[in-house]
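Just so you know, we're using my numbering here: the sequence shown kicks off at 215 and counts up by one.
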Amino acid sequence: MIDLEQLRGYISDMYSDVARFPRGDFHFPTGRPIMERLGYSQELLDRMPGKAMESFAGVGHHFGLDPLRPGERVLDLGSGSGSDVIHAALQVGVDGSVVGIDMTDAMLDKSRRIVEAASLTQVRFVKGHIEELPFDAESFDCVISNGVINLAVDKTCIFDGVMRVLRAGGRLMISDIVTGVELPQSVRENCELWAECIGGAVEQEQYLELIRASGLRIETCETNDAYRFTQDATLSAAEKFKVRSVSVLAYKPR
Ligand SMILES: C[S@@+](CC[C@H](N)C(=O)[O-])C[C@H]1O[C@@H](n2cnc3c(N)ncnc32)[C@H](O)[C@@H]1O
């Protein structure tokens with residue numbers, strides 16, 4: 215059984231490096247080039263601060279599934295350097311609000327500095343674990359997340375938390391890593407592969423079932439073929455276990 219505190223330390227160390235040394239040699243793609251490949255619109259990317267995009271470590275583009283509307287209240291789980299938070303803020307405008315939650319200080323420091331410099335007053339960041347959301351019930355119209363839930367050990371409590379903080383009729387729009395087969399114990403207990411978004415990934419059908427079990431109704435699930443890991447060892451593990459990126463849209467019933 216993987217040790218939760220040790221794993222969280224490992225994940226935080228890896229994403230602190232992504233925040234501080236964005237041109238580093240990672241096993242997953244980062245920065246604006248992968249955002250372009252995943253389908254982020256050039257027009258919005260041109261309006262985004264480069265500092266946020268350089269540490270982007272997401273795996274998909276879920277914003278097209280049901281576009282955000284002006285005035286909406288959005289929560290981003292595992293907001294990293296803030297690329298998706300800023301992307302969302304540009305869409306909901308000053309009448310809306312966007313909250314990013316993350317556990318890694320280096321990511322929070324970076325995203326807060328960037329958002330302050332960009333005078334995005336409708337944005338705030340909260341330090342915390344996405345397994346214990348410190349927000350009121352029914353306080354968001356939309357919950358987004360990009361490449362994060364696979365990193366958590368207890369995915370059930372994350373989807374239960376999403377169900378609680380969404381208003382009736384609200385939506386979950388996420389991209390994440392899933393597998394085509396069940397991972398062997400040796401991979402699941404490897405903190406390095408876990409932090410690289412492989413070790414904690416579950417089979418696609420099991421992942422969708424966890425969402426359904428929380429009470430959310432799945433509308434769409436798309437595979438993001440443009441997403442590829444970057445280094446040989448991770449690529450071969452990804453191929454062996456049919457690891458892929460998917461984007462999912464699900465609604466909280468009214
Ligand atoms: C793969 S990065 C993705 C960051 C961002 N969503 C993006 O697209 O650039 C994962 C982020 O999730 C955060 N994270 C991982 N597990 C977390 C947890 N259980 N609670 C809060 N944050 C978490 C990490 O600190 C890191 O910033």
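Beta carbons: idealized from backbone N, C-alpha and C, even for Gly.
Where GLY383 sits in the DSSP three-state scheme: strand
Residues bridged to ASN404 [DSSP beta-bridge criterion]: None; ASN404 has no bridge partner.
Whether ILE328 touches GLY292 by CB criterion (7 Å): no
Cβ separation of THR393 and HIS241, assumed to be a contact under 8 Å, to the nearest whole Å: With 8 Å as the limit, THR393 and HIS241 do not qualify as a contact, their Cβ atoms being about 16 Å apart.
LEU365 beta carbon near ligand 1 (any heavy atom closer than 6 Å): yes
Check: SER297 C-beta below 6 Å from any heavy atom of ligand 1: yes
Per-residue DSSP class, three states only, for ASP355: strand
Reference VAL401; option with closest CA among ASP316, ILE391, GLY413, ASP390: GLY413
Residues bridged to ALA464 (per DSSP): LEU386, ILE432
For THR444 and ARG458, believed in contact at Cβ under 8 Å, the rounded distance: With a Cβ gap of about 15 Å, ARG458 and THR444 do not count as contacting.
Nonlocal neighbours in the same chain, by C-beta distance under 7 Å from ARG431, ignoring five residues either side: ALA464, TYR465, PRO467
Run of the beta strand (DSSP E) containing GLY314, from where it starts to where it stops: 311-316
Any non-hydrogen atom of ligand 1 closer than 6 Å to ASP316 Cβ: yes
Alpha-carbon spacing of SER269 relative to SER428, whole angstroms: 31 Å
Cβ separation of GLY272 and SER389, assumed to be a contact under 8 Å, to the nearest whole Å: 6 Å
Contact test: ASN438 Cβ vs ligand 1 heavy atom, cutoff 6 Å: no
Near ligand 1: MET387 beta-carbon under 6 Å from a heavy atom: no
Helix, strand or coil at GLU257 [DSSP, three-state]: helix
Rounded Cβ spacing between ILE300 and MET249 (contact assumed at less than 8 Å): With a Cβ gap of about 12 Å, ILE300 and MET249 do not count as contacting.
Where ARG234 falls: helix, strand or coil (DSSP): helix
Expected contact under 8 Å - CB spacing of ALA469 and ALA233 to nearest Å: Since the first residue shown for the chain is 215 and the last is 468, residue 469 is missing from the structure and cannot be characterised.
Check whether LEU424 and THR370 have beta carbons under 7 Å apart: yes
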